[in-house]
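Undergrad: Have a look at this one.
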Amino acid sequence: MPWYEDFDRVIAQALPGLSVSREEPMAGHTTFRIGGPARRMAFPASPEELGALLDLAEKEGWPWLAVGNGSNLLVRDEGLDRLVIATGRLEHMERAGGCGVRAWAGVSLARLAVFAMEEGLAGLAFAHGIPGSLGGAVYMNAGAYGGEMCQVVDTVTAWLPGRGVVELGGEALAFGYRRSCFEENGGVVLYADLALRPGDSQAIRREMEELIRRRREKQPLEYPSAGSTFKRPEGYFAAALIEQCGLKGTAVGGAMVSPKHAGFVINTGGATCRDVLALIGRVQDTVKRETGVSLEPEVRILGEGE
Ligand SMILES: Cc1cc2nc3c(=O)[nH]c(=O)nc-3n(C[C@H](O)[C@H](O)[C@H](O)COP(=O)(O)OP(=O)(O)OC[C@H]3O[C@@H](n4cnc5c(N)ncnc54)[C@H](O)[C@@H]3O)c2cc1C
Numbered sequence: 684m685p686w687y688e689d690f691d692r693v694i695a696q697a698l699p700g701l702s703v704s705r706e707e708p709m710a711g712h713t714t715f716r717i718g719g720p721a722r723r724m725a726f727p728a729s730p731e732e733l734g735a736l737l738d739l740a741e742k743e744g745w746p747w748l749a750v751g752n753g754s755n756l757l758v759r760d761e762g763l764d765r766l767v768i769a770t771g772r773l774e775h776m777e778r779a780g781g782c783g784v785r786a787w788a789g790v791s792l793a794r795l796a797v798f799a800m801e802e803g804l805a806g807l808a809f810a811h812g813i814p815g816s817l818g819g820a821v822y823m824n825a826g827a828y829g830g831e832m833c834q835v836v837d838t839v840t841a842w843l844p845g846r847g848v849v850e851l852g853g854e855a856l857a858f859g860y861r862r863s864c865f866e867e868n869g870g871v872v873l874y875a876d877l878a879l880r881p882g883d884s885q886a887i888r889r890e891m892e893e894l895i896r897r898r899r900e901k902q903p904l905e906y907p908s909a910g911s912t913f914k915r916p917e918g919y920f921a922a923a924l925i926e927q928c929g930l931k932g933t934a935v936g937g938a939m940v941s942p943k944h945a946g947f948v949i950n951t952g953g954a955t956c957r958d959v960l961a962l963i964g965r966v967q968d969t970v971k972r973e974t975g976v977s978l979e980p981e982v983r984i985l986g987e988g989e
């Protein structure tokens, strides 16, 4: 019996309140607007329900994958033969003593930054324009304009394979450039406690507005994309190398190297994953040939052969 038939049979009894959909197009759950169907998609509404679902998936041996806002994903056109666990309904956040904030995995960074600003808490202005969820941002150690998640995350309550729910902090989180321990341990962020500092709401608002203005000026926010396509190679800037090689505006099907910012591959309409992968390959080959630098994708490519 295929795993999803077993899933359909078991889930209705084990977690009757859980919202589930079948053959859900991933294009509707990624900022690239690309991706074939997820065999099954589940939308847990609390950390407890998410933890229980992960326990069950592990026990039953279902192939699963957690996603946040899909802002760093490139999903293959054939889709995902998996249980995709979407965290978007885990939206709660609250003050947690002193300058602390506790936020569930699905809270968007934009809402979190505004909440902190309104509470007079500084440290999250950098995150306001990053279109991810808290869970995805912790996983990626997302950062911008000198800020990074590792500067504000105190502890993370996560579900780990074989261990269940644990609290992790300090070195156990293994934060690095666009990475954390969750890449290695396969864990899922349920919620995080952030340590912020006292700040002036008006000054924080001005800082956020200035950072958004700079993003709008430089980034092709008018097109679907997954942000920076490539990681920053040591000692270089990916966008500068790509521009230097004359690749701005290069297109494959509906995918194009943004004429506004060479670090972004954009979907100009109807791009497939195949288009984007072909364009990524062309950019990597050209940059390697002309500058000797290897570019590594920052976007996570998901699906057969990932
Ligand atoms: C226009 C634009 C601008 C961007 N600017 C920036 C920027 O300035 N800086 C930056 O760092 N990034 C930027 N990004 C990329 C992206 O927003 C970040 O990487 C973000 O942290 C991804 O969060 P997400 O919720 O969308 O994660 P997703 O894309 O859904 O997932 C990314 C990875 O995180 C994992 N994941 C998601 N949720 C969880 C969870 N709860 N527990 C464990 N793992 C999880 C997924 O399995 C996947 O491997 C930008 C993207 C766009 C489209």
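With the working numbering applied, the sequence shown corresponds to residues 684 to 989, in that order.
The C-beta atom is built at its ideal place from N, Cα and C for all residues, glycine as well.
Rounding to the nearest angstrom, what Cα-Cα distance links residue 857 and residue 725 in this structure?
TA: Counting from one through the sequence shown, the residue named residue 857 turns up at place 174. Counting from one through the sequence shown, the residue named residue 725 turns up at place 42. Rounded to whole angstroms, residue 857 to residue 725 spans 28 angstroms at the Cα level.
Undergrad: How many whole angstroms separate the CB atoms of residue 758 and residue 713, which I take to be in contact at a CB cut-off of 8 angstroms?
TA: As a position in the sequence shown, residue 758 is number 75, starting the count at 1. As a position in the sequence shown, residue 713 is number 30, starting the count at 1. About 6 angstroms separates the two Cβ atoms, so the contact holds.
Undergrad: Going by beta carbon distance, what residues of the same chain come within less than 6 angstroms of residue 771, once the five residues before and after it are set aside?
TA: Along the sequence shown, one-based indexing puts residue 771 at 88. The answer, listed in chain order, is 789.
Undergrad: Here's the rule: buried if 16 or more other CB atoms are within 10 angstroms of the residue's CB, otherwise exposed. What is residue 816?
TA: One-based indexing of the sequence shown puts residue 816 at position 133. Burial call: buried.
Undergrad: Per DSSP, residue 844 forms a beta bridge with which residues?
TA: What you label residue 844 is simply residue 161 of the sequence shown in a count that begins at 1. Answer is none; residue 844 lacks a bridge partner.
Undergrad: Please state if the CB of residue 949 and the CB of residue 907 are separated by a distance shorter than 8 angstroms.
TA: Locating residue 907 in the sequence shown gives position 224, counting from the first residue. Locating residue 949 in the sequence shown gives position 266, counting from the first residue. In this structure, residue 949 lies closer than 8 angstroms to residue 907 by Cβ.
Undergrad: Leaving out five residues before and five after residue 944 in sequence, what residues of the same chain have Cβ atoms less than 7 angstroms from its Cβ?
TA: Mapped onto the sequence shown, residue 944 falls at position 261. If we look at residue 944 and ignore the five residues flanking it on each side, its Cβ neighbours are 901, 902, 903, 922.
Undergrad: From 763, 814, 728, pick the residue whose C-alpha is nearest to that of residue 745; which is it?
TA: Taking the first residue of the sequence shown as position 1, residue 745 is located at position 62. Nearest option by C-alpha distance: 763.
Undergrad: What does a CB cutoff of less than 6 angstroms around residue 716 pick up in its chain, not counting 5 residues either side in sequence?
TA: Against the sequence shown, residue 716 aligns to sequence position 33. Excluding sequence neighbours, residue 716 sits near 710, 907, 950.
Undergrad: Roughly how many whole angstroms lie between the Cα atoms of residue 995 and residue 720?
TA: Outside the shown range of the chain, which is 684 to 989, sits residue 995, and nothing can be said about it.
Undergrad: Does the Cβ of residue 814 have 16 or more other Cβ atoms within 10 Å, making it buried, or fewer, making it exposed?
TA: For the purposes of this step, residue 814 is identified with residue 131 of the sequence shown, where counting begins at 1. Classification of residue 814: buried, given that the 10 Å Cβ count is 16 or more.
Undergrad: One question on the structure: do residue 748 and residue 805 come within less than 8 angstroms of each other, judged by their Cβ atoms?
TA: On the sequence shown, position 65 is the one that residue 748 refers to. On the sequence shown, position 122 is the one that residue 805 refers to. No, Cβ-Cβ distance for residue 748 and residue 805 is not below 8 angstroms.
Undergrad: What three-state label does DSSP hand residue 815 in the structure shown?
TA: The residue given as residue 815 occupies position 132 in the sequence shown. In this structure, residue 815 counts as coil in the three-state DSSP scheme.
Undergrad: Would you mind sorting residue 664 into buried or exposed? The rule is 16 or more other CB atoms within 10 Å of its CB.
TA: Given that the chain is displayed from residue 684 to residue 989, the structure contains no residue 664 and the question cannot be resolved.
Undergrad: Determine the closest residue to residue 970 out of 954, 924, 982, 938, with distance taken between C-alpha atoms.
TA: Walking along the sequence shown from the start, residue 970 turns up at place 287. Selected option, being the one with the closest Cα: 924.
Undergrad: Suppose you measure from the CA of residue 792 to the CA of residue 887; what does that come to, to the nearest Å?
TA: Position 109 of the sequence shown, counting from 1, holds the residue named residue 792. Position 204 of the sequence shown, counting from 1, holds the residue named residue 887. Taking the straight line joining both Cα atoms gives about 15 angstroms.
Undergrad: Would you call the stretch 795-811 in contact with the stretch 825-840, where contact means no fewer than 3 C-beta pairs closer than 8 angstroms?
TA: Contact between the stretch 795-811 and the stretch 825-840 is present, because at least three Cβ pairs lie under 8 angstroms.
Undergrad: What did DSSP end up calling residue 985 once you bin it into helix, strand or coil?
TA: Residue mapping note: residue 985 aligns to position 302 of the sequence shown, counting from 1. Looking at residue 985 - three-state DSSP - the assignment turns out to be strand.
Undergrad: Per DSSP, which one or two residues make a beta bridge with residue 828?
TA: Here residue 828 refers to the residue found at position 145 of the sequence shown. The partner list for residue 828 (beta bridge, DSSP) is empty, contrary to what the question assumes.
Undergrad: Please give the ranges of any beta strand (DSSP E) in the stretch 752-811, keeping only runs that are unbroken, at least 3 residues long and fully inside the region.
TA: For the stretch 752-811, whole beta strand (DSSP E) runs of length 3 or above, ordered along the chain, are 756-758, 763-769, 776-778, 783-787.
Undergrad: When the Cα of residue 905 is compared with those of 984, 705, 753, 941, which residue comes out closest?
TA: Looking up residue 905 in the sequence shown gives position 222. Ranking 984, 705, 753, 941 by Cα distance to residue 905 puts 941 first.
Undergrad: Check whether the Cβ atoms of residue 985 and residue 842 sit closer than 8 angstroms, and answer yes or no.
TA: Within the sequence shown, the letter at position 302 stands for residue 985. Within the sequence shown, the letter at position 159 stands for residue 842. No, the pair does not count as a contact, with Cβ atoms beyond the cut-off.
Undergrad: Check each candidate in 695, 688, 934, 796 and name the one with the smallest Cα separation from residue 777.
TA: The sequence position of residue 777 within the sequence shown is 94, counting from 1. Ranking 695, 688, 934, 796 by Cα distance to residue 777 puts 796 first.
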